[in-house]
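Worksheet: one structure, shown below.
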Amino acid sequence: MKLARFHTGDGDVRLGRVDGAEVTDLTAEFGASLRALLPDLPELLERLAAADGPVHRLSGVVLEAPVDDPQKFLGIGMNYREHAEEARQAGIPVPTSQLWFNKQVSCVVGPHADVVKPDLSDELDYEVELGVVIGRRCKHVSAADAPSVIAGYLVVNDVSVRDWLQKRSPTFTLGKSFDTHGPIGPWLTTADEVPDPHALRMTLSVNGEVRQDWPTDDMIHDVHEQIAHLSQVFTLMPGDVLATGTPSGIGAPTRNFLKVGDLVRAEIQGLGALENRIVAER
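Letter by letter, the sequence shown follows residues 3 to 284 of my numbering.
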C-alpha cells in the first residue's frame, strides 16, 4: 500500500491512499498524521485498504513529505562499494565501520518542493537513497528482527553542500542540513509490498541526464545491519527516517554540481520518484 500526505490547495493537509493515478482521502477515519498510525500500521492495513473517502487525481493535489515531523533523519556515508571506491580515489579514507551523520529534520520537504541553492556555496550535490521509515519504538534490535520494526520505504535525495561537509565543520551535520535539502517521498510504500529492499534499482537524473543508476544490493552494510547498529545506541522511534547510502555518480568527483534551474529526478523501482527544481536563495 502507498500512503501519502497531500493538500488540494486549501491548506489542509490530508492522509490518503494512492491507487494508480488517484488518491483516496482517508482523513475522516484516520486523521491527517501518518506518523501517528505507524505503531499500529500492520494491524490497520486491511482497514486502510478498504476505507472510502473523496477521490482526487494525483495530478490535481500537492504531495507533502509522507512522514510528518520525524524525530530523526539519519544518513549513512559511503555505504555502496563503488561509491566508497570513488571516495577513496579522491583521497577520502573508507570507513571501517558504519559512518552515520545527522540531517536536521528542518531540512525535510516534499517530493516536488523546490530545493534552494544557498548563495554561500557553488557545491550543491545530489544523492539518491533508499529511505527506511521506522514503524515502532525499539532498542537493541537484532539484524534478524529488524524487518519487524520497518513500517515502509520511500525515496530520499540526500542533498549536500559539499564545502560545508567537513571544510567548514568537523562533522557532516551542517553540510547535510540546509533548509529544503531533505526531499522525501513521494509516499510511504508499506513494508509488505517490498519483499527485499536489497533488490531495487535506484536512478537519479539531472535535466534528463542519468547521473546515478545502481542496485541496492551493492550496500556494504544492509538495511537490517544498519538498524541493528543504530539501535544499540539510541531508541528508534516511529517515523524516524534512515537514508541508507548512495551509489556512485554523485557530482563531487567531477565537480558537476547542481545549478539554479536544474530539475533533479530521483527514482527507486516500485517506490516512485521525487522531482525537485533547484532555485536561487531569496
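Just so it is clear, CB atoms sit at the ideal spot from N, CA and C, and this is done for glycine as well.
Item: Assuming contact is defined by CB atoms lying nearer than 8 Å, are residue 188 and residue 143 in contact in what I supplied?; Value: no
Item: With a threshold of 16 other CB atoms inside 10 Å of the CB of residue 81, please say whether the residue is buried or exposed.; Value: buried
Item: Have a look at the DSSP bridge pairing and note the partners of residue 80.; Value: For residue 80, which the question treats as bridged, DSSP gives no partner whatsoever.
Item: Taking three-plus beta-carbon pairs below 8 Å as touching, is the region 139-155 in contact with the region 55-65?; Value: no
Item: Distance, Cα to Cα, residue 206 vs residue 133?; Value: 15 Å
Item: Could you tell me which of 68, 263, 74 and 220 sits nearest to residue 8, measuring between CA atoms?; Value: 68
Item: Hey, is the region 117-124 in contact with the region 162-169, meaning 3+ C-beta pairs nearer than 8 Å?; Value: yes
Item: If residue 278 and residue 262 are in contact, beta carbons under 8 Å, what's the gap, nearest whole angstrom?; Value: Contact doesn't hold; Cβ gap of about 13 Å is too wide.
Item: With a CB to CB cut of under 7 Å and the five nearest residues on each side skipped, what residues in its chain are close to residue 104?; Value: 76 and 175
Item: Do you know offhand how far residue 370's Cα is from residue 98's?; Value: The requested residue 370 is not part of the displayed model; the chain covers only 3 to 284.
Item: Enumerate in chain order the residues of its own chain whose CB-to-CB distance from residue 228 is below 7 Å, with the five nearest sequence positions on each side excluded.; Value: 78, 100, 244 and 246
Item: Taking its Cβ as the centre, do 16 or more other Cβ atoms sit within 10 Å of residue 72, making it buried, or is it exposed?; Value: buried
Item: Grab me the residues of residue 41's own chain with a C-beta within less than 6 Å of its C-beta, minus the 5 sequence neighbours each way, in chain order.; Value: 138 and 240
Item: What residue does the alpha helix (DSSP H) around residue 225 start on, and which one ends it?; Value: 225-232
Item: Between the beta-carbon of residue 249 and the beta-carbon of residue 31, is there less than 8 Å?; Value: no
Item: For residue 142, does the three-state DSSP call read helix, strand or coil?; Value: coil
Item: Is the separation between the beta-carbon of residue 47 and that of residue 190 shorter than 8 Å?; Value: no
Item: Name the one or two DSSP bridge partners that residue 4 has.; Value: 20 and 191
Item: DSSP three-state call for residue 131: helix, strand or coil?; Value: strand
Item: If you follow the alpha helix (DSSP H) that residue 32 is in, where does it begin and where does it stop?; Value: 29-32
Item: Taking C-alpha atoms, which residue in 225, 218 and 96 lies nearest to residue 146?; Value: 225
Item: Roughly how many angstroms lie between the CA atoms of residue 184 and residue 110, to the nearest whole one?; Value: 4 Å
Item: Tell me whether residue 14 is buried or exposed, calling it buried when 16 or more other Cβ atoms sit within 10 Å of its Cβ.; Value: exposed
Item: Report buried or exposed for residue 192, applying the criterion of at least 16 other Cβ atoms within 10 angstroms of its Cβ.; Value: buried
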